[in-house]
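Chemist: With the working numbering, letter number 267 in the sequence shown gets 855, and the count goes up by one each step, no holes. Just so you know, even glycine gets a beta-carbon here, dropped at the ideal spot from N, CA and C. Keep in mind it's a predicted model, so treat the numbers as computed, not measured. Once you've had a glance at the structure underneath, I'll fire off some questions.
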Amino acid sequence: MLAAGVLAPAAGTLGRPASAAAPSPGGGIGFRLLEAPVAERANSRAWYYIIDHLAPGADIHRRVEVSNTTGSPQQLSLYAAAAEIRDHKFQFAPGRTPNELSTWTTTSRHEVTLAPHARSTVTAKIDVPADAAPGERYAVIWAETAKAAPPGGGVAVINRVGIRIYLSVGPGNPPASAFTIDSLTAQRSPDGRQVVLARVHNTGGRALDLSGDLKLSNGPGQLTAGPFKVKTGTTLAPGEWGSVTVVLTEQVPDGPWRARMRLESGLTRHAAEATIRFPAAPGTAQASKTETDPSYYLIAALAGVILFALVAITFLLNQRKRRARPERNNA
């Protein structure tokens with residue numbers, strides 16, 4: 589599951605930041621971060637997930653909010669458990685399975701009782717041991733509710749919603765995030781749908797949660813198509829290769845087309861282009877090596893600078909307001 593949403597039955601893969609399931613008519617349980625590091629406030633991922641870099645011996649605190657939008661009281665358990673990146677997905681372990689990071693993670697309260705339509709704030713703490721080895725680690729903070737099996741037999745129902753943790757450990761500044769889009773491959777599925785695969789290499793030191801879109805131009809008769817959204821849920825660990833999938837939502841001529849793929853993970857963004865042609869029958873065309881779009885780097889860099897400046901200005905204005913309040917009280 590994700591950073592914010594309603595309770596859903598426990599499963600095996602954490603998806604994109606969104607609700608775990610469609611809210612039921614009676615409401616659900618919400619769980620979300622209330623803050624992000626100052627240096628990461630322009631990064632949308634940092635508002636959904638706990639993303640940070642700590643030196644051995646350091647610790648961080650993050651405020652989280654759990655809310656009850658149902659019409660009945662809810663008893664919740666809060667705890668951290670193991671997660672990993674496997675098969676190009678962020679996947680969590682069953683139950684309360686621990687790993688190194690989950691044992692470093694605690695919450696200020698382990699049990700929370702919420703009245704109908706109530707909410708409560710809890711503080712999560714990550715305390716890195718002084719002898720911790722460098723590297724990135726993954727875990728989840730869960731809010732869980734359990735319904736006992738009915739008398740006479742039946743199945744107990746356990747539901748939980750969680751916030752991912754991506755923690756890099758090491759001295760100095762955090763490792764940079766970076767990736768390349770190396771090739772685009774056109775496919776036609778057995779049911780006739782047209783698909784484009786982007787081969788991506790995580791060349792940085794942080795995990796990537798990839799999203800983006802595909803645009804087609806210079807097609808037969810100078811046709812254009814798109815943008816088509818990337819299928820979300822692909823997470824790449826540092827150094828890992830993987831594929832990102834785009835399923836076209838409308839039929840287009842086979843081509844050739846000039847395909848432009850834009851991908852991002854937080855503030856790290858890249859775009860690449862290649863000429864592709866869809867197979868006439870179900871199958872996979874030969875991969876087309878990409879050419880990087882240099883204008884996208886400039887646009888992404890400018891957007892990052894503007895966002896950082898806005899965050900810095902907001903922070904300074906808030907600090908000035910806080911200093912001004914005591915002065916008014918003393919006057």
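Got a sec: is the Cβ-Cβ distance from Met849 to anything in chain C below 7 angstroms?
Modeler: Annotation note: the requested chain C is absent from the structure, which comprises a single protein chain.
Chemist: Candidates Gly616, Ala868, Arg629, Gly618: which alpha carbon is nearest Ile586's?
Modeler: Because the chain spans 589 through 919 in this model, residue 586 falls outside it and cannot be assessed.
Chemist: I believe Ser708 touches Thr856 by the beta-carbon criterion, under 8 angstroms. Please report the beta-carbon distance rounded to the nearest angstrom.
Modeler: Wrong, their Cβ atoms sit about 34 angstroms apart, outside the cutoff.
Chemist: In three-state terms, what does DSSP make of Gly809?
Modeler: In this structure, Gly809 counts as helix in the three-state DSSP scheme.
Chemist: Check Ser690 in the structure and name its three-state DSSP category.
Modeler: Residue state, collapsed to three classes: helix.
Chemist: For the beta strand (DSSP E) that Tyr636 lies in, which residues bound it at each end?
Modeler: First-last for Tyr636: 633 to 636, but that is the alpha helix (DSSP H), not the beta strand (DSSP E).
Chemist: Measure the CB-CB distance between Thr820 and Ser799 and report whether it falls below 7 angstroms.
Modeler: Contact: yes.
Chemist: For Val716, is the classification buried or exposed, using 16 other Cβ atoms within 10 angstroms of its Cβ as the cut-off for buried?
Modeler: With 16 or more other Cβ atoms within 10 Å, it is buried.
Chemist: Put Arg674 into one of helix, strand or coil per three-state DSSP.
Modeler: Arg674: strand per DSSP, three-state reduction.
Chemist: Which one or two residues does DSSP pair with Ala847 in a beta bridge?
Modeler: For Ala847, which the question treats as bridged, DSSP gives the partners Leu804, Ala862.
Chemist: DSSP on Arg908, reduced to helix/strand/coil?
Modeler: Helix.
Chemist: Please return the same chain residues whose Cβ sits closer than 6 angstroms to the Cβ of His649, not counting the five positions on each side in sequence.
Modeler: The residues are Thr711, Lys713.
Chemist: May I have the straight-line CA-CA distance separating Phe680 from Tyr636, to the nearest angstrom?
Modeler: Distance between the alpha carbons of Phe680 and Tyr636 is about 16 angstroms.
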